[in-house]
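Trainee: Chains as they are written, first to last, in my numbering: chain A, -14 to 308; chain B, 22 to 278.
Ideal placement from N, C-alpha and C gives every residue a C-beta, glycine not left out.
Would you mind keeping the following structure in view while I ask a few things?
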Amino acid sequence: MNKFKIGPFLFILSFCLLALIVLNIFIGAVRVPVNKMFEPGFFEILKLRLFRALLAVAAGSGLSVAGIILQTVLRNPLAEPYVLGVSSGAGLGAVIGLLFISLGIGVNIAAFIGGVVTIFLVYKLAKIDGRMSPENMIVAGIIVNGFLSSILMFFVSNSSSGNIHSVIWWLLGNLQVYKIAPVLILSLTSLAGFLISFIFSKELNAMSLGEEEARHLGINTESVKIILLLVATFVTSLAVSICGIIGFTGLMMPHIARRLVGPDHRLLLPTSVLMGAIFLLLCDIFSKVMMAPKEIPIGVITSFIGVPFFIYILKKSRKVYFK
Amino acid sequence: MFYFSDVWAGYNNFEILKGISFNIEKRDFTGIIGPNGSGKTTLLRTATKIIKPFKGEIFLEGKNIANMPLKESATVMAVVPQDTVFMFPFRVIDVVLMGRIPYINRFGFESRKDLKIALEALEFVDALHLKDRFIDELSGGERQRVIIAKALTQKPRILFLDEPTTHLDINHQAQIFGLLKKMNRVSGLTIVAILHDLNLASDYCDKLILMDNGVIKRKGSPTEVLDYKIIEEVYKTVVIVKENPLTLRPHVFLVKK
C-alpha cells in the first residue's frame, strides 16, 4: 500500500475514462464526420450519444460498487448482482412494474422490491446450519435465477402488449435512453453508493477477515451488513430498471482492481469504480461497431467476457476453501 | 479483571452453558480445557460478545459487557481465533494495522503512531521481516504470529485465544506459547486460552478451568485440576498423571486400552 503510487494511477484511469467517453460519442450506428459533429443539425445525435456514454459510466461504476459490497460482505469471491440473481429479481420487478403499473418511478420501485426479495431469498437458501459457503450461495443464486426466469417468461408469453420485443431487448442490456432524467438518477445513485461504501471502507476491510473477526475489532457487523446490502441492491435495481441486465461487470472489475491495488477498500473502491465505467464504455463501443449498423445488446457482450472470467475465479477460489 | 456471574448461553434457545461463574485476575494466564462439546468455544464466544447470554452477567474491569459498545470492548479485549481464512491477499502490515480500527475515527487513515504500534507488535512476535509479504504466502506458524500481532495492535488488556496452535507442529506450538508467556510476564497481559492439549495447558497456564457438559467441573492450579480421577471421569478414558521433570507441572498420559 505504501509503495504503490495510487494518486497517479487513479489520474491515468480518469484520463482513460474521459478519452473513452469522447471516443464513445464519436462512434455510432450513424456515421457522423468528426468535423460536423458540433454542427446544429447533429445536435440531437450528439445529445443522445452523450446520454448513452454517461449512462455507461454510471451503470459500470454502480455495478462495480455492488460487486465489491456483495463479495466482501458475503465473503464470497464469486458474488455479483447477476450471479446471485439480484439483477434477475430487479428485472422481474421492473417487468411487472412495466406491465401493471405502467411507466415512471413505479418501475424503479418495483425493481428495488424485486431485488431486495431476491437477495433475502438467496441469503436464506444459502445458509445451511448457520454456515454459508460460497458454493451454497452460488447454487442458491442459480435456483432463484431459474425460478425468476420462469416467472419472467410466464409474463412475457402471456403479455398481449405489443412492445414485448422491446421489453426483452431492454432486459438484454441497453444503454440508450432518450431523456436526461434516468442518466442523472443513476449517476447520483452510483455516486451515493460509492460514497457510502467508501465511508465503510474500514468495516469492509475488517469484514473480509470474517464476521466474528470484524466484531472483535469493534464493528457492529449486523447493521453494517444490512446497510451495505441495501446499498448494493438499490444501486443494482436502479441500474437494471434503467439499462436492463448487464451481468458480470460487478464480478470482474473488483477482481482486476484487487490485482492492481490490493484488497484495501480505500484504494479498491475508487479503482474499480473507474474501471467499471471504462469497461462498460469499451463494451458499448464493441456493441456499436461489431455488427454495425446493427447493435449487439451490451449484456450479451459482458456475459461473453464474464463467463470465462467466472470459471477462472471459481477455480482459483476453490484453492482457498478446500486446502 | 474479568468475571462471569451465573451465565447461561447457547444457540436458538438450546442451552450449552448452564450457569457458569468464574473470576479471572489481572495477569492470570488461564487455560480452558474440557472434552469436545463441553462448551469451551461457546464460553469464549459469550465472553467476547459474539453471542448474548440468556441469563447472567459478565463484567470486564468492573463494567457489564452488555452495556459496553463493541468499539469500546475492542480496545480492552482482543481475540485470536483458531484459524483465519483470508479471502483476499492482504499484506502482512495491512492485516496488523487492522488492529487499530477501534481507535481510528470514521474518516481517518492510520497515523504514524498507529504504524509504529503495528511494527512494534510485529517485532514482538518476531515477524517484522514479514511485513511486506502477502498473508497467503506465509506458513501456518508465521500466519498465526501475524494474527497475534494484529491482536496486540489492539493494545488489549485481556487476550482470548481459541486453540491457537491446533494446526501447528510442536516446534511452532512451543514458539507461540513461549510468546504468550512473554506477553503475560513482560507486558502483564491477562490471557485466557482454550486448549486441547492438557500438557501444554499444564506447562504454560497458571490456572485451569475444566469444562464438562456446559458446567465448570473444576478450576484452580494445574495440580488441583489435573487429578487423574477427575480427568478419567470427564474424558471417559483411563489416564496416569505424573510430574513433568522440567516444569514440575502435572502431565497426563493416556493408557492404552
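Helix, strand or coil for Gly162(B) per DSSP?
Mentor: Residue state, collapsed to three classes: helix.
Trainee: Taking Cβ-Cβ distances shorter than 9 angstroms, what residues in chain B pair up with Leu191(A)?
Mentor: Correcting the residue type first, residue 191(A) is Ala in the shown sequence and not Leu. Per Cβ cutoff of 9 angstroms: Met119 and Ile122.
Trainee: Name the chain A residues that come within less than 8 angstroms of Ile125(B), Cβ to Cβ?
Mentor: Lys187
Trainee: Report the residue ranges of all beta strand (DSSP E) runs contained in full by the region 133 to 182 of chain A; include only those spanning at least 3 residues, in chain order.
Mentor: none
Trainee: Decide if Ile296(A) is buried, meaning its Cβ has at least 16 other Cβ atoms within 10 Å, or exposed.
Mentor: exposed
Trainee: Out of Ile41(B), Arg66(B), Asn34(B) and Glu36(B), which has the shortest C-alpha to C-alpha gap to Phe181(B)?
Mentor: In terms of Cα proximity to Phe181(B), the closest of Ile41(B), Arg66(B), Asn34(B) and Glu36(B) is Arg66(B).
Trainee: Residues of the region 170 to 193 of chain B with a CB closer than 7 angstroms to any CB of chain A: list them in chain order, please.
Mentor: none
Trainee: In the region 56 to 71 of chain B, which residues sit with their C-beta less than 9 angstroms from some C-beta in chain A, listed in chain order?
Mentor: Arg66, Thr69, Lys70 and Ile71
Trainee: What separation, rounded to the nearest whole angstrom, lies between the Cα atoms of Leu313(A) and Ile165(A)?
Mentor: Nothing in the structure corresponds to residue 313(A), since chain A is present only between -14 and 308.
Trainee: Count the other CB atoms, across all protein chains shown, that sit within 10 Å of the CB of Pro90(B); report buried if there are 16 or more and exposed otherwise.
Mentor: With fewer than 16 other Cβ atoms inside 10 Å of its own Cβ, Pro90(B) counts as exposed.
Trainee: Indicate whether at least one CB of chain A lies closer than 8 angstroms to the CB of Lys164(B).
Mentor: Strictly speaking, residue 164(B) in this sequence is Arg, with Lys absent from that position. So no, Arg164(B) is outside the interface.
Trainee: Check the C-beta distance from Glu82(B) over to Met22(B) and give it rounded, since I have them as a contact under 8 angstroms.
Mentor: 6 angstroms
Trainee: Going by Cα to Cα distance, which pick from Ala111(A), Ala41(A), Phe(-6)(A) and Pro(-7)(A) is closest to Ala7(A)?
Mentor: The sequence given here has Val at residue 7(A), not Ala. Among Ala111(A), Ala41(A), Phe(-6)(A) and Pro(-7)(A), the Cα nearest to that of Val7(A) is on Ala41(A).
Trainee: What's the call for Asn9(A), buried or exposed, on a 16-neighbour Cβ count within 10 Å?
Mentor: buried
Trainee: Should Pro102(B) be flagged as near chain A, meaning a C-beta pair shorter than 8 angstroms?
Mentor: Contact of Pro102(B) with chain A is assigned, a C-beta pair being separated by under 8 angstroms.
Trainee: Suppose the cutoff is 6 angstroms on Cβ atoms and the five residues either side in sequence are ignored; what does the same chain contact list for Ile(-9)(A) look like?
Mentor: Correct list, in chain order: Leu252.
Trainee: In chain B, what lies closer than 8 angstroms to Gly291(A) by C-beta?
Mentor: What Gly291(A) touches in chain B: nothing, since even the nearest Cβ is about 20 angstroms away.
Trainee: As a quick exercise: from Lys238(B), Lys277(B), Lys278(B) and Pro271(B), pick the residue whose alpha carbon is nearest that of Gly55(B).
Mentor: Lys238(B)
Trainee: Please work out which residues of its chain come closer than 7 angstroms, Cβ to Cβ, to Ile168(B), disregarding the five sequence neighbours upstream and downstream, and give them in chain order.
Mentor: The residues are Val101 and Thr105.
Trainee: What are the start and end residues of the alpha helix (DSSP H) that includes Ala139(B)?
Mentor: Arg133 to Phe145
Trainee: Between Thr174(A) and Gly47(A), which are expected to be in contact by the criterion C-beta below 8 angstroms, what is the C-beta distance as a whole number of angstroms?
Mentor: About 6 angstroms separates the CB atoms of Thr174(A) and Gly47(A); that is less than 8 angstroms, so the two are in contact.
Trainee: Along chain B, in chain order, which residues have C-beta atoms closer than 7 angstroms to that of Pro248(A)?
Mentor: Per Cβ cutoff of 7 angstroms: Phe109, Pro110 and Phe111.
Trainee: Give me the DSSP bridge partner(s) of Tyr32(B).
Mentor: Its beta-bridge partners are Phe35(B).
Trainee: Are the beta-carbon atoms belonging to Phe140(A) and Val80(A) less than 8 angstroms from one another?
Mentor: Against a cut-off of 8 angstroms, the Cβ pair of Val80(A) and Phe140(A) comes out as a contact.
Trainee: Mind checking who Asn264(B) pairs with in its DSSP beta bridge?
Mentor: One point to set straight first is that residue 264(B) is Glu, not Asn, in the sequence displayed. According to DSSP, Glu264(B) bridges with Pro271(B).
Trainee: For the alpha helix (DSSP H) that Arg244(A) lies in, which residues bound it at each end?
Mentor: Thr234 to Val246 is the span of the alpha helix (DSSP H), which, as asked, contains Arg244(A).
Trainee: Evaluate Phe75(B) with the Cβ neighbour count: other Cβ atoms within 10 Å of its Cβ, from every protein chain shown; 16 or more gives buried, anything less gives exposed.
Mentor: exposed
Trainee: If you draw a straight line from the C-alpha of Lys301(A) to the C-alpha of Leu236(A), how long is it?
Mentor: 14 angstroms
Trainee: Leaving out five residues before and five after Lys308(A) in sequence, what residues of the same chain have Cβ atoms less than 7 angstroms from its Cβ?
Mentor: Low confidence applies here, because Lys308(A) scores a pLDDT of 36, under 50, leaving its location unreliable; read the following figure in that light. Excluding sequence neighbours, Lys308(A) sits near nothing in its chain.
Trainee: Mind checking if Asp115(B) is an interface residue toward chain A, Cβ cutoff 8 angstroms exclusive?
Mentor: yes
Trainee: If you drop the 5 nearest sequence neighbours on each side, which residues of the same chain put their C-beta closer than 6 angstroms to that of Met98(B)?
Mentor: Pro177 and Ile179
Trainee: From which residue to which residue does the beta strand (DSSP E) around Thr103(A) run?
Mentor: Run containing Thr103(A): none in the beta strand (DSSP E); it sits in the alpha helix (DSSP H), Ile90 to Ala111.
Trainee: Does the beta carbon of Asn205(A) sit closer than 8 angstroms to a beta carbon anywhere in chain B?
Mentor: Taking 8 angstroms as the CB threshold, Asn205(A) lines the interface with chain B.
Trainee: I'd like to confirm the pairing. Which residues does DSSP put opposite Gly60(B) in its beta bridges?
Mentor: DSSP lists no partner for Gly60(B).
Trainee: Would Phe134(B) pass as an interface residue toward chain A - the criterion being a Cβ-Cβ separation below 8 angstroms?
Mentor: The sequence given here places Lys at residue 134(B); Phe does not occur at that position. Not closer than 8 angstroms to any Cβ of chain A, the Cβ of Lys134(B) fails to qualify, so no.
Trainee: Just to confirm my understanding: we take Leu38(B), look at its own chain, exclude 5 residues before and 5 after, and list those with CB closer than 7 angstroms. What are they?
Mentor: Apart from the 5 residues on each side of it in sequence, Leu38(B) sits with its Cβ closer than 7 angstroms to the Cβ of Val28, Trp29, Ala30, Gly31, Gly60, Thr63, Leu64, Thr67 and Gly235 in its chain, given in chain order.
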